[in-house]
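Protein chains in written order, with our numbering: chain F, 102 to 500; chain P, 102 to 500; chain G, 102 to 500; chain R, 102 to 500.
We put the beta carbon where it would ideally sit given N, CA and C, even for glycine.
Since we're looking at a predicted model, the values are computed, not measured.
To keep things clear, I will list the structure first and then write my remarks on it.
4 protein chains.
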Amino acid sequence: MSALPATLLQPPPPPDPLDAVHALAAQLATTAVGRDRHGGHAAHERALIRESGLLALSIPAADGGAGAAWDVTLRAVRILARADSALAHVFGFHHLQLAGIALYGNASQQRDLLRRTAEERLFWGNALNPLDKRTAAIETADGFVIDGIKSFCSGALGSSWLTVSAWHARTASALIGVLPTTTDGITVRGDWDAFGQKQTDSGTVTFDRVLLPSALVLLPPGAPPTAQATLRSQVAQLIMANLYLGIAEGAFAAAREYLADEARPWFASGVAAATDDPFVQHRFGELWTLVRPAEALADDAGRTLQRLFAKGAAVTAQERGELAVAVATAKVLAHRAAIDVGSGLFELTGARSTSAKYGFDRYWRNARVHTLHDPVDYKYRDLGRYALAGTLPEPTAYS
Amino acid sequence: MSALPATLLQPPPPPDPLDAVHALAAQLATTAVGRDRHGGHAAHERALIRESGLLALSIPAADGGAGAAWDVTLRAVRILARADSALAHVFGFHHLQLAGIALYGNASQQRDLLRRTAEERLFWGNALNPLDKRTAAIETADGFVIDGIKSFCSGALGSSWLTVSAWHARTASALIGVLPTTTDGITVRGDWDAFGQKQTDSGTVTFDRVLLPSALVLLPPGAPPTAQATLRSQVAQLIMANLYLGIAEGAFAAAREYLADEARPWFASGVAAATDDPFVQHRFGELWTLVRPAEALADDAGRTLQRLFAKGAAVTAQERGELAVAVATAKVLAHRAAIDVGSGLFELTGARSTSAKYGFDRYWRNARVHTLHDPVDYKYRDLGRYALAGTLPEPTAYS
Amino acid sequence: MSALPATLLQPPPPPDPLDAVHALAAQLATTAVGRDRHGGHAAHERALIRESGLLALSIPAADGGAGAAWDVTLRAVRILARADSALAHVFGFHHLQLAGIALYGNASQQRDLLRRTAEERLFWGNALNPLDKRTAAIETADGFVIDGIKSFCSGALGSSWLTVSAWHARTASALIGVLPTTTDGITVRGDWDAFGQKQTDSGTVTFDRVLLPSALVLLPPGAPPTAQATLRSQVAQLIMANLYLGIAEGAFAAAREYLADEARPWFASGVAAATDDPFVQHRFGELWTLVRPAEALADDAGRTLQRLFAKGAAVTAQERGELAVAVATAKVLAHRAAIDVGSGLFELTGARSTSAKYGFDRYWRNARVHTLHDPVDYKYRDLGRYALAGTLPEPTAYS
Amino acid sequence: MSALPATLLQPPPPPDPLDAVHALAAQLATTAVGRDRHGGHAAHERALIRESGLLALSIPAADGGAGAAWDVTLRAVRILARADSALAHVFGFHHLQLAGIALYGNASQQRDLLRRTAEERLFWGNALNPLDKRTAAIETADGFVIDGIKSFCSGALGSSWLTVSAWHARTASALIGVLPTTTDGITVRGDWDAFGQKQTDSGTVTFDRVLLPSALVLLPPGAPPTAQATLRSQVAQLIMANLYLGIAEGAFAAAREYLADEARPWFASGVAAATDDPFVQHRFGELWTLVRPAEALADDAGRTLQRLFAKGAAVTAQERGELAVAVATAKVLAHRAAIDVGSGLFELTGARSTSAKYGFDRYWRNARVHTLHDPVDYKYRDLGRYALAGTLPEPTAYS
């Protein structure tokens, strides 16, 4: 990759962890186009992630991890997403599960699970989809029996452990627990078939009378949500914002390189190089004004997340709500940047750039699939409500 | 397909030819998602087109054809594109080659070639790409020898005859002729590999010392372009505009049906059906305001084309130029409608609609590939020049 | 005005009535900038309108009028609005009141009122605002007593007659009647103070125990609305669409002339004339793609309106509903064209074009004020509902 | 003003200087609507600015000023622009002249002029327009004679001193000097008549054989521009960006307050308050996503400016160029925010909000006039060139 504008793609002098991230991204990039085409489970690349040591990136140093702040971990998600947004998602959601342990779990759970994760290079997946209530939890003497099915279980296939949610009818609420993926009765299906983000292993998990012991329950049913606990959805939203942004940055860089190396000027342009075409320059400037602000706001929100995360139980609902506004703003901008750059780059690069060998359509396809996680219109609504009356977004799994 | 708003998708009571078109579209629709996924040459579906009799749609009745006006033929392209824009392109470009014969050829060529096409159900392809000058023509006693290579030869594979252009160095101009695809020295490659419009057979054609007899030269090198002859690029541009529009209409209808039959309301919407969500209604209204005007302007331009086509050699440069403005306006609107509906529909249909089984991404992919035929920015420029000073677009292969 | 692109501003060879409209527009244009600045009642210009004979434009020939079809009358509104959208509104709403007489009134009312209007060159205004229910009607032996206040009474000041609505509590519905503006108890205030459309005389009318005899009641309270009667709101909406469009066309033409005659190229452009700047050409092309489709759809809708108007009581709810969709589509496009051209033209014309002597800001101000008549978001909603499920817009005073 | 969302309008706990700025803004706000209507020279309000002490805001403490960093001075411009963007411009350009002294002047000039400015509360204006070359400088024994005319001289009327540029034919370059506004031969005209930013006193200045002594020449003709000297145009551009942003914030706050206090829900909305309308909430969220990123990027750029300004002669061309990119990005976003919020707010507030008593059109008018300082398309071009190839914007008076 040739030299890129400093402020867009090159982070400030990286601390060590991001060196490893860049190295991993370079590894993933070499096969990304082919793997996007064929989809399926990326066992080899997941092994590369495991070997990079980056599964311990967000784990506190005291528990054997790299102790990276959240803004650094989010930056890692973004860097990986430039090269391969499917595996960046698997990586990001691994750290989301670790965030869940830190936010929901008691001190002993935190210590045991995080430490084991660092030591054994455990890869976490999830079976948490809160809109899918087909998985039920029934109390037993020593925990719960989990039974049913969950869709959209990103990272479940190939994982060591899972975060699991199940509907508890008596309290009309969900519990959240953790389980080894190999637990009896858990079946992870490779049935994810979206047209983008193909290697996120986001298929179905079924639970056939699975025992969840009390010690592995992070959030019991009926537990009132604290401001701290509800930070988790902001971690999730900000992982997604950074993922979209990585896609936008990757698409932007791909357009830039193609224009420099391969594109021909349009016959009617009167210029010698495509990059001298005033319309190409103007459009690229427009795309820049989509990407750059999204970067700035995602970084700001990442730092705020880190600050509130570090406050632990002392975080207030007001702080949590203002973070949610900052995150929603960044996510909306990143969403638009990813979709518009992923689609608009072709107006610049032209007909020959649609050859499958470049795989440039994957930016739009990956962004398109992932940005549907929750509807952008409800983000605009939440931002509008806040701007109109200071109303904080209601804490949900999506806001 | 359930009932659709009258003005969007249902043409006025169709004359017979469009009945056949709708029937053919229905046939193509049944396998469109699968064929889009696998790409390759659609031999069976090309046979269906041939059997439909619609290859003679635009051929004058006197020459054995259906004698449809251009606005009807363009409507046919649009209807087919709703179901399968790749085969709609092959179909449309077949008729474009017939237009070329009518606009460039002498009376005898017109009669012979059009009549044979009707009688033998010939399928025409092209090897015409005017920006690819690697194919040379050298004069011989009785015509020319053609030698070289052409890219982007839509419909060449599987065709009976080809329109061919070749660069003639002495006059620094191109000749245009026709040849049976089986002519000695012509090789048609199946090397088209774009991520959309996969079954347009738009690969490479090579010419190895191919003899083009004078009788098959439609436009000799150095012939000054007449207003009539340069109508051909307007036929091409308007075929594309209708193709984009068919994609937009197809995507619009797909979103509508999915929303009616499959979509679930967002949990925070407070409504019982996705179609009751005010944001869904509003966005769908916005998409409507992209599709509907493009339809109106494409239809207007089609009628103007027919009128000028019928004038034959009497058409003036001013008339041709004003048609070009009307066509460019329609094409820009159709371009935007196809891209924006093809990408934007997902904001309405949501995460579950990205399953490969629906194939909804093909609208964007097909539109994205095809709308790069020539840069939209130069259309805006041409429209601006006209609006600023009445300057007519320069007659080129693209304007 | 120098020659303009044929399809944008020059209607097809005009029948006689439009000659008079163009002449009137030219008269209004000479003082439009100054009158916009100072606002107030345009007594002199209203006299010019009266003298032009165009107040009888839409009146059937049998009743002494010009018998123009609605698409012609709407075209007149548009032409006047290019020069002076405030007086175009007064003119358009005059014809709207005549439409109301034709749609609501009985045969005798129609004959008497239309004939008198033609003969005496009556100028009609309105006191109809359906959202302002502060005017009450109470039954008397021979009609009603009207008491209260109405806001947004366009054209009332300086009018000969008024259409009036009043709330009838017993039937919880409004009546509609007509009254000479000089009727005892009617006071028309010159209190309209919006920042645009300043000379529309859209102030307040007060009714102090005004007697409305039965013979002047067009629509009695509680009368069930027929499809024919509810055509009136479509006449109103289409007058507005054409008015917005006239503003857009006027702004477009102003930009074009300024660029040709006055603008200087930007120092960094490297071109000799502003009109050679590729960014100027591109932007002007973009504005064209806003104006041109709005024109096409407004014209289509105008012809449909005329067809349904002519059907009288035979018009069906389905026909009326499909007209409402066509009108809403045209209105949304015209709205956007007026706002975007009115604001965007300055990116082309530059700093010096903001001198008050040109008055170019009046396009945006006039469009901005008038496009708020009813919220565009509810138009998008209505269009979306129709596109989603064929739901026709609910007949209201605005849809 | 009721409580506003924290991140949009309320800066972090302000240091003392911003307290004075807020107080001044509150003073200006009380008469802003009326003064916008009537235009003219705001002698009284300029006196208020002078009395506030804020003319010394950016002057180093060592020279008797408040020693505020540039990001603080820019914040002051923004805060004032919320209330009155015309006087904010006069205020901002005063500080721009001081920046010019610091960047161009020698140590003695800096000390003398800045100190006098602080002590005597001098108000600076300019006669600098680099595109207007009608003012000539001819060398004399002890300086230059200045002769000619300058347009767009913001802040000249009512100023104590002027920065002046004049064209020097021999070196084909401009000199820059300073002069008391009362100097013999200088005439400042009150001929500014734009439809917005009415009280910026941006009229014409004429020079009738005015003597400019050498001691008052800041930049002699032919002096090669240093990276430090060319920082001045970035100060100017960033003042403008903050001014646009202040307009956007002011419009946003005005919409918010009107919606809370005055607006009525649309009859078809089915909600009790306008702020509960989902379309209102959604649109307001969209406007938020225009304003918020512009704020973040303007603040970032302001801090970078301060850092480079403080480096003095050590600033490099690369640093200056990257600052220019950051400033251009912020300016483009602020431009769009000001125009789009200034025009779009009315879709939310509705017809009644167009009464002249609110003066809400002034946001669009002020933004429209001021954002034409230099064409936004050349900013997009510059950003595109940088993004494509790392090309830094050419240092000019505008980039």
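(message) Against chain F, with Cβ distances strictly below 9 Å, would P:R147 count as a contact?
(response) no
(request) Measure the CB-CB distance between R:Y359 and R:T450 and report whether it falls below 9 Å. (result) yes
(request) Check the C-beta distance from P:A399 over to P:L346 and give it rounded, since I have them as a contact under 8 Å. (result) 6 Å
(request) To the nearest angstrom, report how far apart R:Y464 and R:K480 are at their CA atoms. (result) 22 Å
(request) Please go through the segment 119-196 of chain F and give each complete alpha helix (DSSP H) segment of 4 or more residues, from N-terminal end onward. (result) 133-139, 144-153, 171-184
(message) For F:G323, tell me which candidate among F:L223, F:I277, F:D309, F:T132 has the shortest Cα-Cα distance.
(response) F:I277
(message) Please report the straight-line C-alpha distance between P:Y459 and P:H190, rounded to a whole angstrom.
(response) 22 Å
(message) Tell me which residue opens and which closes the beta strand (DSSP E) that R:D309 is part of.
(response) 306-314
(message) Any beta carbon from chain R within less than 9 Å of P:F380's own beta carbon?
(response) yes
(message) Can you tell me whether G:K232 is buried or exposed? The criterion is at least 16 other CB atoms within 10 Å of its CB, across all chains shown.
(response) For the record, residue 232 of chain G in the displayed sequence is Leu; it is not Lys. Exposed is the call here.
(request) Mind listing, in chain order, the continuous alpha helix (DSSP H) runs of no fewer than 4 residues lying wholly within the segment 188-264 of chain F? (result) 208-221
(message) Strictly below 8 Å CB to CB, what residues from chain F border G:H474?
(response) What G:H474 touches in chain F: nothing, since even the nearest Cβ is about 23 Å away.
(request) Report yes or no: do the segment 394-414 of chain G and the segment 402-414 of chain P share at least 3 C-beta pairs separated by less than 8 Å? (result) no
(request) Determine, using beta carbons only, whether F:T450 comes closer than 9 Å to chain R. (result) no
(message) Just to check my reading of the structure: G:Q298 and G:S186 have Cβ atoms closer than 8 Å, yes? What is that Cβ distance to the nearest angstrom?
(response) 6 Å
(request) Identify whether P:M102 lies in helix, strand or coil by the three-state DSSP scheme. (result) Its pLDDT being 37, under 50, P:M102 is placed unreliably in this model, and the value from its coordinates should be taken loosely. In the structure shown, P:M102 sits in coil (DSSP, three-state: anything other than H, G, I, E or B).
(message) Please confirm whether R:H383 has its beta-carbon closer than 9 Å to some beta-carbon of chain P.
(response) yes
(request) List the residues of chain A that G:V433 touches, going by C-beta distances under 7 Å, in chain order. (result) Annotation note: the requested chain A is absent from the structure, which comprises protein chains F, P, G and R.
(request) Evaluate P:P394 with the Cβ neighbour count: other Cβ atoms within 10 Å of its Cβ, from every protein chain shown; 16 or more gives buried, anything less gives exposed. (result) buried
(message) Helix, strand or coil for F:H269? Go by DSSP, reduced to three states.
(response) strand
(request) Starting from the beta carbon of G:F368, find every residue of chain R whose beta carbon is closer than 7 Å, and list them in chain order. (result) L232
(message) Can you pull the chain R neighbours of G:I470, defined as C-beta to C-beta under 7 Å?
(response) According to the sequence as given, residue 470 of chain G is Val; it is not Ile. In chain order: T455.
(message) With a threshold of 9 Å between beta carbons, is R:F461 in contact with chain F?
(response) no
(message) Quick check on G:A498: does DSSP put it in helix, strand or coil?
(response) coil
(message) With a threshold of 8 Å on Cβ separation, who are the neighbours of G:L149 within its own chain once the five nearest residues in sequence on each side are excluded?
(response) L125, Q128, L129
(request) Within the same chain, show all residues whose beta-carbon is closer than 6 Å to that of R:A498, passing over the 5 residues directly before and after it, in chain order. (result) P231, S334
(message) Taking CB distances under 9 Å as the criterion, tell me whether F:E495 reaches chain P.
(response) yes
(request) Since I believe F:L214 is in contact with F:G226 (beta carbons under 8 Å), could you give me their beta-carbon distance rounded to a whole number of angstroms? (result) Actually they do not touch by this definition, with Cβ atoms about 14 Å apart.
(request) Identify every residue that forms a DSSP beta bridge with P:I287. (result) P:F308
(message) Following a CB-centred definition, is R:G422 positioned closer than 8 Å to any heavy atom of the ligand NAP?
(response) Only the bare structure without any ligand can be found here, which leaves the ligand NAP out of the picture.
(request) Please list, in chain order, all residues of the same chain as R:G291 whose beta carbon is under 8 Å from its beta carbon, the five residues on each side excluded. (result) G141, H142, L258, D302, G304
(request) Would you grab the beta carbon distance between G:N181 and G:F192 for me? Rounded to a whole angstrom, and I think it's under 8 Å. (result) Going by the sequence as given, residue 181 of chain G is Leu instead of Asn. That pair is a contact at about 6 Å.
(request) With DSSP as the reference, label R:P394 as helix, strand or coil. (result) helix
(message) With distance defined between alpha-carbon atoms, name the residue in R:R365, R:G403, R:A457 nearest to R:R501.
(response) Summary: the structure shown does not reach residue 501 of chain R, with chain R confined to residues 102 through 500, and so no result is reported for it.
(request) For R:P63, write down the residues that DSSP places opposite it in a beta bridge. (result) The structure shown does not extend to residue 63 of chain R, since chain R spans only 102 to 500, so no value can be given for it.
(message) Run through the DSSP bridge pairs and tell me what G:S334 is partnered with.
(response) Paired residues: none, contrary to the question.
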